[in-house]
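Here the sequence shown is numbered in the numbering used here, starting from 1 and rising by one per residue.
We treat Cβ as the ideally placed atom computed from N, Cα and C, and that holds for glycine.
The structure presented is a predicted model; accordingly, all values stated were derived computationally and were not measured.
In what follows, a single structure is set out as structure tokens and then discussed.
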Amino acid sequence: MKISNRFAKSTVGRAFLFLAALLLTGLALAPGLADANGGGLANTPWPMFQHDQRHTGQSPYLGAQTNAIRWIFDAGQIIRGSPVIGSDGTIYFSCWNGSRFYALNPDGSVKWLRNTAYGGVGAPAIGSDGTIYFSDYGQMKAFNPDGSTKWTLNANGIRSSPVIADDGTIYAGANLAPDGGRLYAIRDNGSSGSVKWFYHTDGHINYSAPAIGNGGTIYIGTYDTDLYAITDNITNGVLKWRFNTGGLINSSPSIGSDGTIYVGSDDGALYAITDNVTNAVKKWHFGTGWSITSSPAIGSDGTIYVGCSAAAGFLYTLFAMNPDGSLKWAYDTGSDAETCSPAIGSDGTIYIGNGFGGRVWAISDNGTSGNLKWSYLTGDWVIGSPAIGSDGTVYIGSYDAKLYAFSSRPIITSANPSSGYQGTTLSNVIITGQNFTGATAVSFGAGITVNTFNVDGATQITANITIAADATPGTRDITVTIAEGPGTKINAFTVIQKGQNVYVNGATGNDSYDGLAAAWDSTHGPKKTIAGGIAAVTDNGTVNVAAGTYHEHGLHLSQTMNLVGAGALTTIIDGGANGNVLEVSSAPNQRNTISGFTIRNGAPAGPDPGG
Numbered sequence: 001m002k003i004s005n006r007f008a009k010s011t012v013g014r015a016f017l018f019l020a021a022l023l024l025t026g027l028a029l030a031p032g033l034a035d036a037n038g039g040g041l042a043n044t045p046w047p048m049f050q051h052d053q054r055h056t057g058q059s060p061y062l063g064a065q066t067n068a069i070r071w072i073f074d075a076g077q078i079i080r081g082s083p084v085i086g087s088d089g090t091i092y093f094s095c096w097n098g099s100r101f102y103a104l105n106p107d108g109s110v111k112w113l114r115n116t117a118y119g120g121v122g123a124p125a126i127g128s129d130g131t132i133y134f135s136d137y138g139q140m141k142a143f144n145p146d147g148s149t150k151w152t153l154n155a156n157g158i159r160s161s162p163v164i165a166d167d168g169t170i171y172a173g174a175n176l177a178p179d180g181g182r183l184y185a186i187r188d189n190g191s192s193g194s195v196k197w198f199y200h201t202d203g204h205i206n207y208s209a210p211a212i213g214n215g216g217t218i219y220i221g222t223y224d225t226d227l228y229a230i231t232d233n234i235t236n237g238v239l240k241w242r243f244n245t246g247g248l249i250n251s252s253p254s255i256g257s258d259g260t261i262y263v264g265s266d267d268g269a270l271y272a273i274t275d276n277v278t279n280a281v282k283k284w285h286f287g288t289g290w291s292i293t294s295s296p297a298i299g300s301d302g303t304i305y306v307g308c309s310a311a312a313g314f315l316y317t318l319f320a321m322n323p324d325g326s327l328k329w330a331y332d333t334g335s336d337a338e339t340c341s342p343a344i345g346s347d348g349t350i351y352i353g354n355g356f357g358g359r360v361w362a363i364s365d366n367g368t369s370g371n372l373k374w375s376y377l378t379g380d381w382v383i384g385s386p387a388i389g390s391d392g393t394v395y396i397g398s399y400d401a402k403l404y405a406f407s408s409r410p411i412i413t414s415a416n417p418s419s420g421y422q423g424t425t426l427s428n429v430i431i432t433g434q435n436f437t438g439a440t441a442v443s444f445g446a447g448i449t450v451n452t453f454n455v456d457g458a459t460q461i462t463a464n465i466t467i468a469a470d471a472t473p474g475t476r477d478i479t480v481t482i483a484e485g486p487g488t489k490i491n492a493f494t495v496i497q498k499g500q501n502v503y504v505n506g507a508t509g510n511d512s513y514d515g516l517a518a519a520w521d522s523t524h525g526p527k528k529t530i531a532g533g534i535a536a537v538t539d540n541g542t543v544n545v546a547a548g549t550y551h552e553h554g555l556h557l558s559q560t561m562n563l564v565g566a567g568a569l570t571t572i573i574d575g576g577a578n579g580n581v582l583e584v585s586s587a588p589n590q591r592n593t594i595s596g597f598t599i600r601n602g603a604p605a606g607p608d609p610g611g
């Protein structure tokens, strides 16, 4: 029984997943990313739907090897679209049944939140200058990286994920049902957006996102069952050809490096099509028995993966080296994934959601079979597609209103102690976090040597470190490395400058001096009073007091320091019977040494005796 509204919840029957993979031997990917300084699509870890202009879905980074959760962000509204990732790791995504557009920091905290008109079902796209473009049900919105609105353009019916050409033109599809659809070409003029041209299609464009192939040809599927090939002639869009698939097209086309276009159809087939300039030629089609809304992804060896619904519920892999696109392997995930499009890590792992089943799957391609690497059950449907960050984190949204971040790399939470002085050795620095098992290296940054470390378990490492005497004071990043790669916490440890020697000389000093040198000028030279020396010294430093009698009282040591006189017979602190002469804080971690003084003439001041 075919469900007419495949995106509404239904209790009818059970839906299944196919993931089809077709092998195009000897092909290398050409992602089609423009130079970040020359316009076009941004060169970021995941700048648009399915990663690139060709919709290959292929990442150059190793994705999560386990289902370890880095964090889960509650967006408060259903997430149906797919996230994208900026150059600094910011994750951008929209909510479907509301009006929220989020920018999250890599740690899952909110960077900014903007309200939109309706929300969306697609993914944003990031331009080379960092502008984020988003189809908002009849409007194209452009946000600056800081979240401010760059411009908003009314474009009737626009809704699909945009793609950005090398010249900066933004293409997106529109649903004008019952009056067909449009492919929009939009120009970013800086402070405003304008429609460059639009091409009217006979069928409305629902979810199919345009892809850009060789020579800049734009391919997009429509509800009139045709795949369109359109060229941009600056002032208008010109039809090259239309190819009929026999069913509605929700699938977004993907393009191999040889120009072959792959697209799924509601007639239950995955099509491989050759662009012969003036017409399209079918290379082959593979029938699955149920609709294919998922957009194909292309592996580094040319294997094509696509999710679809079918009564048999398998993940299929097909060989494109044969004219008929023969089957490579099939993997059954047990639920529907007709709208879920795969992402592929650098090791070939395929990441995909299984729709109504609510799971995220990681499946390895072993040549003759697809093997489960891991899966994770979310709280509701998983309709959108994953994105892979440069640190290997896999991001995907769910109908449970949450964005999930999976990472098998180390996640560092804290270090204790989180600071140390120059020239010291700390024997037990406890690093806490996740995914530490099998750690091969630990680093605290410049000027700090990790003498030894022990992996106490998946969540703790104990390290012995030495901070060089000349280590530059300031913060350091801690990095833990495992086989899958490193994990880093920024500014996790601080090198503290070891206290300098401060000098006090009652005969020649001046409290306007800095106290750092025995010889002086208008700035440098000894302090005149012990109080001045105590105020000037840094934590863990020493106040050196020259011989003499110092008439002072109420001296208070509130940090770790040494107070050293020239000798008990020659260096005298006379309190003048004015209360406590010297007080030491009772802070548990404070250490003080007081030597070389005679302290006299103190008087009781409250319950504590003078000294």
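Going by DSSP, Gly-533 is part of no beta strand (DSSP E) but of the alpha helix (DSSP H) stretching over 530 to 536. For the options Leu-569, Ala-405, Val-581, the alpha carbon positioned closest to that of Ser-109 is the one of Ala-405. For Arg-409 and Leu-516, the gap between their C-alpha atoms comes out near 47 Å.
The alpha-carbon of Asp-539 is positioned some 19 Å away from that of Asn-416. With respect to the C-alpha of Ile-126, the residue from Gly-89, Ile-164, Leu-113 having the closest C-alpha is Ile-164. The criterion of a C-beta distance shorter than 8 Å is satisfied by Arg-359 and Val-382. Note on the stretch 60 to 100: whole beta strand (DSSP E) runs with a minimum of 3 residues are 69 to 74, 91 to 94, in chain order. Asn-366 sits in coil when the DSSP states are folded into three classes, being neither helix nor strand.
Look at Asn-214 here: in three-state DSSP terms it is helix. Between the alpha carbons of Gly-533 and Gly-602 lies a gap of roughly 20 Å. For His-200, the closest alpha carbon among the candidates Asp-188, Asn-236, Gly-213 is that of Asn-236. In the displayed model, Tyr-171 falls within a strand according to three-state DSSP. Going by C-alpha positions, Asp-365 is about 19 Å away from Ala-387. Taking a contact to require three or more Cβ pairs closer than 8 Å, the stretch 432 to 441 and the stretch 89 to 105 do not qualify as touching. For Lys-498, no beta strand (DSSP E) run applies, since DSSP gives it neither H nor E.
Ranked by how close their Cα comes to the Cα of Asp-275, the residues Thr-217, Asn-206, Gly-86, Gly-299 have Thr-217 in first place. Taking all protein chains in view, the Cβ of Lys-402 is crowded by 16 or more other Cβ atoms within 10 Å, so the residue is classified as buried. The Cβ atoms of Ala-142 and Val-195 do not sit closer than 8 Å to each other. The stretch 367 to 374 and the stretch 45 to 59 do not touch, with fewer than 3 CB-CB distances between them shorter than 8 Å.
Taking the Cα of Tyr-351 as reference, the smallest distance to any Cα among Ala-229, Leu-41, Gln-65 is reached at Gln-65.
Non-local C-beta neighbours of Pro-83 in its own chain, meaning closer than 6 Å and more than five positions away in sequence, comprise Ile-91, Phe-93, Ala-387, Tyr-395, ordered along the chain. Here the C-alpha atom of Asp-232 lies approximately 20 Å from the C-alpha atom of Ile-273.
Residues of the same chain with a CB within less than 6 Å of the CB of Gly-565, apart from the 5 flanking positions on each side, are Val-545, Thr-571, Gly-596, Phe-597 in chain order. The Cβ-Cβ distance between Lys-489 and Gly-509 does not fall below 8 Å. Boundaries of the beta strand (DSSP E) around Cys-308: 304 to 308. Rounded to the nearest whole angstrom, the C-alpha separation of Asp-400 and Phe-356 is 12 Å.
The Cβ-Cβ distance between Gly-119 and Ser-135 does not fall below 8 Å. A contact is defined here as three or more CB-CB pairs under 8 Å, and the stretch 477 to 488 fails this definition with respect to the stretch 496 to 504. Rounded to the nearest whole angstrom, the CA to CA distance from Ser-265 to Lys-111 is 38 Å.
For secondary structure counted as the beta strand (DSSP E) over 3 or more consecutive residues, the stretch 181 to 209 holds these complete runs in sequence order: 181 to 188, 193 to 201. In the DSSP assignment, Ser-419 falls within the unbroken beta strand (DSSP E) covering 419 to 421. In the DSSP assignment, Gly-147 forms no beta bridge with any residue.
Annotation note: the stretch 525 to 589 contains the following uninterrupted alpha helix (DSSP H) runs of length 4 or greater, listed N- to C-terminal: 530 to 536. Here Ala-577 is exposed: its Cβ has fewer than 16 other Cβ atoms, across all protein chains shown, within 10 Å. Bounds of the beta strand (DSSP E) holding Leu-239 are 237 to 244. In the three-state reduction of the DSSP assignment, Ile-249 falls in the coil class, being assigned neither a helical nor a strand state.
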